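**Student:**
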Amino acid sequence: MGNADLRSLAVLSEIGFDEVAGSVVAVDAHNWLYRYLTTTVKFTREGAYTTDAGEEVANLIGLVQGLPKFFEHDLTPVFVFDGGVTDLKDEEVAERREARERAEEQRKAAEERGDDVAAARLEARTQRLTDVIHETTRELLALLDVPIVEAPAEGEAQASYMAKRGAVDYVGSEDYDTLLFGAPYTLRQLTSKGDPELMDLDATLAAHDLTREQLVDVAILCGTDFNDGLSGVGPKTALSAVREHGDLWAVLDDREAYIENADRVRELFLDPPVTDDFDFGTDLSPDVEAARAYVTDEWEVDADEVARGFERIESSLVQTGLDDWT
DNA sequence: CTGAAAAA
DNA sequence: TTTTTCAGG
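My numbering applies: residue 938 is where the first sequence begins, and numbers increase by one.
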């Protein structure tokens, strides 16, 4: 039921970092951070990413550790932040609702035993958790002069749109649905050790003789983040069905099948809420000292990874000839 | 999300 | 051969 089905359809090729040097990459901030936190940070240091005050600032470690990858290869990242969450995206919404419900239960329990202080703290804490991460991420990126774009809805959609418009050269993402959102070129594995992988939309469409609408239809039949596919239908079956019948509706009609919200999911991929209201430069003037102070002093994150990360950022700035304001 | 094994 | 399921990161 995953997007992984798209992998078998996508045209991917190895590409060297030297081939993409100097380009601008739009990155979905939420996905990038999430991936970084679950892989790298989480397993290396369990307790090191909460401050004495108990605030989660793992995002700062993730940023400091992940950003050098861009700088060292002369890539300019543009971080795209999610706007309102699409109500079709069940998983995240459900997760947040559960978290809220758990917090609410705890708060009520505290209230019932007359512990007003604990109740207030629980309320403030859960409310602020995501805010802290969002704010500190923005602040650190601002100090490093990394461009930020606010998406009206899905970050992946906005990033793909910017790539399609030529405002950036690539979308940087591990997700395959940038294909569905119409990103011409997506760079994968920017964070991992080896060479990046280039995903080519036009080549993908040509390889299967599909239009983008048809590719979206194939994906919907297999199942996406926003809908369950038909059971027993994977990429092969979906592909031949769409090619035989032309589009999603004809396939559903032929199989006498129904997919919940299919029309909305289709529109979400083909015509998502995006904005032209972005503006950024690519000549970065990072204030590394201020950034280091922000992380280590203000948030008291004293991890080796942070020190190493900033060293890598500094030396990469020298190599690529970017000016440091300090 | 990825890879691999089980199920269909 | 294709899809689903599941473990692991």
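Every residue, glycine too, gets a C-beta built ideally from N, C-alpha and C.
From a predicted model like this one, the values you see are computed outputs, not experimental measurements.
By the three-class DSSP mapping on this structure, what secondary structure does Glu1087 have?
**Tutor:** Correct three-state label for Glu1087: strand.
**Student:** How about Phe1018 and Glu1087: are their beta carbons less than 8 Å apart?
**Tutor:** Their beta carbons are under 8 Å apart, which means Phe1018 touches Glu1087 by this criterion.
**Student:** Using the beta-carbon count (16 or more within 10 Å), is Glu1091 buried or exposed?
**Tutor:** Counting Cβ neighbours within 10 Å, Glu1091 comes out buried, since at least 16 surround it.
**Student:** Does the Cβ-Cβ distance between Leu1081 and Leu1012 come in under 8 Å?
**Tutor:** No, the Cβ-Cβ distance between Leu1081 and Leu1012 is not below 8 Å.
**Student:** In whole angstroms, what is the alpha-carbon distance linking Leu946 and Leu1142?
**Tutor:** When rounded, the distance between both Cα atoms is 9 Å.
**Student:** Across which residues does DSSP place Tyr1109 in a beta bridge pair?
**Tutor:** A small correction: the amino acid at residue 1109 is Gly; Tyr does not occupy that position in the sequence shown. Note: Gly1109 sits in a beta bridge opposite Val964 and Leu1124.
**Student:** Name the two residues that bound the continuous alpha helix (DSSP H) containing Thr1115.
**Tutor:** Here Thr1115 belongs to no alpha helix (DSSP H), and DSSP marks it neither H nor E.
**Student:** What residue range does the alpha helix (DSSP H) around Pro1005 cover?
**Tutor:** That run of the alpha helix (DSSP H) goes Ala995 to Glu1009.
**Student:** Could you name each continuous alpha helix (DSSP H) segment of 4 residues or more that falls completely within the stretch 1130-1192, going from the start of the chain to the end?
**Tutor:** Runs found: 1138-1145, 1149-1159, 1172-1182 and 1185-1192.
**Student:** Taking three-plus beta-carbon pairs below 8 Å as touching, is the stretch 1148-1159 in contact with the stretch 1115-1134?
**Tutor:** Yes, they touch.
**Student:** Just how far apart, CA to CA, sit Ala1046 and His1071?
**Tutor:** Rounded to the nearest angstrom, the two C-alpha atoms are 29 Å apart.
**Student:** Should Ile1085 and Ala1240 be called a contact, given that it needs their Cβ atoms to be closer than 8 Å?
**Tutor:** For Ile1085 and Ala1240, no; Cβs fall outside 8 Å.
**Student:** Taking only the alpha-carbon atoms, compute the straight-line gap between Thr975 and Ser1129 and give it to the nearest angstrom.
**Tutor:** The straight-line gap from Cα to Cα measures roughly 13 Å.
**Student:** May I ask you to report which of helix, strand or coil DSSP gives Glu1042?
**Tutor:** Helix, per DSSP.
**Student:** Determine the closest residue to Leu1176 out of Asp1165, Asp1190, Ile1157 and Asn1164, with distance taken between C-alpha atoms.
**Tutor:** Looking at the Cα atoms, Ile1157 is the closest of the given residues.
**Student:** Have a look at Val957 and Leu1078 and give me their C-alpha separation to the nearest angstrom.
**Tutor:** Approximately 22 Å, taken between the alpha carbons.
**Student:** For Trp1236, count the other beta carbons within 10 Å of its own beta carbon; 16 or more makes it buried, fewer makes it exposed. Which is it?
**Tutor:** The residue is buried, with at least 16 neighbouring Cβ atoms inside 10 Å.
**Student:** Near Val961, which residues of its chain fall below 7 Å by C-beta distance, leaving aside the five closest residues on each side in sequence?
**Tutor:** Here the set comprises Thr1013, Val1015, Val1105, Asp1106 and Thr1219.
**Student:** For Thr1212 versus Gln1095, is the C-beta spacing smaller than 8 Å?
**Tutor:** Yes.
**Student:** Can you find the residues in the same chain that come closer than 7 Å, C-beta to C-beta, to Val1202, ignoring five residues on each side of it along the sequence?
**Tutor:** Contacts found: Leu1025, Ile1157, Thr1161, Phe1163 and Asn1164.
**Student:** Where does Tyr1098 land, buried or exposed, given buried means 16+ other C-beta within 10 angstroms?
**Tutor:** Buried, by the Cβ-count rule.
**Student:** If I measure Cβ to Cβ from Arg972 and keep anything under 8 Å in the same chain, skipping five residues before and after, which residues do I get?
**Tutor:** Glu1111 and Thr1128, listed in sequence order.
**Student:** Please confirm whether Phe1247 and Val1225 have their CB atoms less than 8 Å apart.
**Tutor:** Taking 8 Å as the Cβ cut-off, Phe1247 and Val1225 qualify as a contacting pair.
**Student:** Please report the distance separating the alpha-carbon of Tyr1189 from that of Asp1137.
**Tutor:** Here the sequence assigns Leu to residue 1189, which means Tyr is not the residue at that position. About 28 Å.
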